[in-house]
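Notes follow once the structure below has been shown.
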Amino acid sequence: MSRFQVYVILLTFGLITAAGCSQTNTRSSTEQRQGEASREAAKGVAFVRYIGAVDAHSNTDLYFGDTRLFSTADAKTATDYKQVPAERRDFVLREAGKPEGAAIEKNSEGLGDGKHYTVVVYEDKDAKPVLRVFNDDESAPAAGKAKVRIIHAAPAVESVDVYAVGRKDKLASESRFTTTSNWQEVDAVNGPLEVRSGSGKSQHITRVPDSRIEAGKLYTLVVEGGTKSPESLHVIKVVDMPSKN
């Protein structure tokens, strides 16, 4: 065999080997990406929205772990939901624009796959922030009915009750600051709502604007403000559709 023939054989073998290595590397890279995607999918996702019912801490951002989710300045009413990993992390309130800054307030929460949550930040009597996470998933009401719940974020009052004007029975009630009531099934309401706090001569009534309650929907009423007096109460109304789960 001539030297030229030997050279051709060696060159051909080298090209085949290089091609094989390239294919192996390509498969390895593809398999790695697929594996990472599968692991990410296995974690699941949850959905989070935000209400920043604060005055002294309005220049803040909300984080889930190290991920910035929302600006408090943009959350005077409920934000749209954002997708996050369905796992346990700290919700953290930090000064706006300072991702490495100290936590002003935080709350560790484990989020369920496919579940929806509302994070509400409000202030206590000393204007210190309180961060709470509430589960939004709820079944549909009976035909012709709606469901209502109260999130009590008003430190200056004890119990808060919601009434439809002209009706004797309350729609919902919550007696403890920082907590939420159970969902209450109610008739549809076409007129205004009232949030009542206190009793007798000390009772204070706050009218809820745009307070129509339609059958088949879920209504969350965040009663906030009033850090020093019930006269400054404010109601944030959030409307949702029932969970399909």
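If you count by the working numbering, then the sequence shown holds residues 12 to 256, one letter each, in order. Where a beta carbon is used, it is the ideal one built from N, C-alpha and C, also for glycine.
Pair within 8 Å by beta-carbon distance, residue i and residue j
i	j	result
residue 93	residue 59	yes
residue 183	residue 216	no
residue 97	residue 57	yes
residue 64	residue 235	yes
residue 68	residue 120	no
residue 148	residue 254	yes
residue 156	residue 197	yes
residue 117	residue 103	yes
residue 195	residue 158	yes
Local Cβ density within 10 Å of residue i, reported as buried at 16 or more and exposed below that
i	result
residue 105	buried
residue 233	buried
residue 109	exposed
residue 175	buried
residue 78	exposed
residue 85	exposed
residue 185	buried
residue 164	buried
residue 167	buried
residue 150	exposed
residue 257	Outside the displayed span of the chain (12 to 256) sits residue 257, for which this structure offers no information.
residue 137	exposed
residue 213	exposed
residue 192	buried
Three-state secondary structure (DSSP) of residue i
i	result
residue 155	coil
residue 84	helix
residue 211	helix
residue 184	strand
residue 243	helix
residue 40	A caution first: residue 40 carries a pLDDT of 44, below 50, which makes its placement in the model unreliable, though a value can still be read off. Looking at residue 40 - three-state DSSP - the assignment turns out to be helix.
residue 235	strand
residue 254	coil
residue 115	coil
residue 93	strand
residue 138	coil
residue 178	coil
residue 248	strand
residue 200	strand
Minimum C-alpha distance to residue i - residue among the options
i	options	result
residue 190	143, 156, 157	143
residue 178	147, 200, 171	200
residue 1	207, 139, 202, 126	Nothing can be reported for residue 1, as the shown portion of the chain is limited to 12 through 256.
residue 203	196, 188, 219	219
residue 82	107, 101, 99, 75	107
residue 188	128, 171, 247	171
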